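Enquirer: Could you have a look at this structure, given as structure tokens, before my questions?
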Amino acid sequence: MLRSQKGRERKESRSKCEAQSAEQIESYNWVKKKVENFNMFKSKHLESLSTKLPNMKKIDNKKRGNGTSKSNRSLESETEAKNPNRFQKIPVQ
Numbered sequence: 001m002l003r004s005q006k007g008r009e010r011k012e013s014r015s016k017c018e019a020q021s022a023e024q025i026e027s028y029n030w031v032k033k034k035v036e037n038f039n040m041f042k043s044k045h046l047e048s049l050s051t052k053l054p055n056m057k058k059i060d061n062k063k064r065g066n067g068t069s070k071s072n073r074s075l076e077s078e079t080e081a082k083n084p085n086r087f088q089k090i091p092v093q
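In terms of full-length UniProt numbering, the sequence shown is residues 1 to 93.
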């Protein structure tokens with residue numbers, strides 16, 4: 001009786017493991033399919049972007065400066081020349 005009970009338990013545990021592995025394989029295949037679909041979409045999207053916008057330039061951060069253009073800086077110096085007291089502190093009475 002003990003032998004048959006142990007054999008039955010082994011069969012049940014084996015079938016549980018097989019069911020779990022089948023679920024894992026199914027979920028793995030589902031994820032694999034989703035990843036393949038995403039990669040196909042991404043490659044198509046990138047191809048369409050490259051054909052539509054071939055002349056896009058990358059902006060180099062080193063060439064950007066501090067955010068003010070030369071024309072803005074020259075305007076500031078001109079206003080200082082016109083009104084030199086503009087930035088001086090005026091004493092309050």
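All C-beta atoms, glycine included, are put in the ideal place defined by N, C-alpha and C. No experiment lies behind these values; they were computed from the predicted model shown.
Rounded to whole angstroms, what's the CA-CA distance from E47 to K33? Just pull it up for me.
Expert: Within the sequence shown, the letter at position 47 stands for residue 47. Within the sequence shown, the letter at position 33 stands for residue 33. Near 21 Å, if we compare the C-alpha coordinates of K33 and E47.
Enquirer: What's the C-alpha gap between S43 and Q24?
Expert: Translated into positions along the sequence shown, residue 43 becomes position 43. Translated into positions along the sequence shown, residue 24 becomes position 24. Roughly 28 Å separates the two Cα atoms.
Enquirer: Return helix, strand or coil for V31, following the three-state DSSP convention.
Expert: For the purposes of this step, residue 31 is taken as residue 31 along the sequence shown, with counting starting at 1. Looking at V31 - three-state DSSP - the assignment turns out to be helix.
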